[in-house]
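Some notes on the structure that comes next.
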Amino acid sequence: MLTIQRIFAAVLLLVCIGLALMAWPYQAAFSYEPVGPRAFPLLLLALMGLALLYMLFRPTPVVHSEDDPQLDRETLQKIGICVALLLVFAGTFEPLGFIVASILVGVPMARLYGGRWVPSAVIISLMAIGLYLLFDKLMDVPLPLGLLDVLEN
């Protein structure tokens with residue numbers, strides 16, 4: 000088991016290095032953030048690389064106990080639905096806007112994990128609006144409004 004975990008960590012570490020090499024020369028034509036667009040992927044890849052180095056050189060394997068959830072058909076279906084919802088979010092983010100896309104994806108995601116319809120819709124809507132205001136107004140990171148473009152000044 001330890002060998003498989005180390006092979007997995009080594010392969011994923013190589014992928015991280017390859018992605019970092021691809022992201023390193025990236026320069027945007029305009030700067031919309033103080034640190035620039037390449038800092039975020041490089042930071043994430045560096046953190047991932049550190050965790051993979053730990054996995055690669057740890058002395059004992061990761062052992063799962065009886066209490067850990069099983070990777071059964073239902074869990075795999077939930078993972079697949081989550082990935083599909085994230086792809087829907089990525090595809091609708093610009094045309095529909097951040098708020099509408101977040102609600103469109105957030106409510107089914109909450110339902111997937113046992114949320115009820117009305118509380119899920121209310122909380123996700125408030126979170127989407129709150130996050131939009133936080134990023135766009137407070138942090139000055141522009142997010143698309145999409146269908147709600149008419150609300151902008």
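So the sequence shown is numbered by numbering that gives the first Met the number 0: it starts at 0 and just counts up by one.
For each residue, glycine too, the CB sits at the ideal point set by N, CA and C.
- Excluding the 5 residues flanking it on each side, Cys15 has same chain C-beta neighbours closer than 6 Å at Leu44, Met47, Gly48, in chain order.
- Judged by beta-carbon spacing, Leu95 lies within the 8 Å limit of Leu103, meaning their Cβ atoms are closer than that value.
- Comparing alpha carbon positions, the residue from Pro60, Thr74, Pro141 closest to Phe92 is Pro141.
- The beta carbon of Met54 sits closer than 7 Å to the beta carbons of Gln4, Ala8 from its chain, once the five residues preceding and following it are set aside; these are given in chain order.
- In the three-state reduction of the DSSP assignment, Tyr112 falls in the coil class.
- Across the structure, Val87 and Lys77 are spaced so that their CA atoms are roughly 15 Å apart.
- In the three-state reduction of the DSSP assignment, Glu65 falls in the coil class, being assigned neither a helical nor a strand state.
- In this structure, the straight-line span from the alpha carbon of Pro68 to that of Phe134 is close to 35 Å.
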